[in-house]
Amino acid sequence: MKNIPNQFNEVNKEEKDTATVPAASIALDMDKYKTKKEKEKEKDAKTRVSLFLEPALAKRLDRAAKKYGKGFKSTFTSDVLEKALDALEAKENNNK
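According to this note's numbering, the sequence shown is numbered sequentially starting from 4.
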């Protein structure tokens, strides 16, 4: 029986010759990647709150949410409320 060369022999040799990149040399923010269990814990750390907004303000918020994606409303309102409450508390503390 005649020995016919395999077309993949050369490919395998090339793969063996290439160097692999060590995982430590790849700069990744591993805190950004969370397991399902970790994500569930984060969900439990939040409280649902209902707000009544003026229709024009609600439309503006909805437009921004469409542009910035899922979770925008919660993140935005939390950030804005925190800054506003910090300012209010600072004002109250200065009046004492």
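Backbone N, C-alpha and C define an ideal beta-carbon position, used for all residues, glycine too.
> Which residues in the same chain as Lys44 place their Cβ atom closer than 6 Å to its Cβ, once the five residues preceding and following it in sequence are excluded?
Replying inline: none
> Between Phe75 and Ala67, is the Cβ-Cβ spacing less than 8 Å?
Replying inline: yes
> Alpha carbon to alpha carbon, what distance is there between Asn98 and Ala48?
Replying inline: 33 Å
> So the alpha helix (DSSP H) Glu85 belongs to, where does it begin and stop?
Replying inline: 75-97
>> I need the straight-line Cα distance from Lys39 to Thr50, nearest angstrom please.
In response: 19 Å
> Who are the near neighbours of Ser77 in its chain, counting only those whose CB is closer than 8 Å to its CB and skipping five residues on each side?
Replying inline: Lys49
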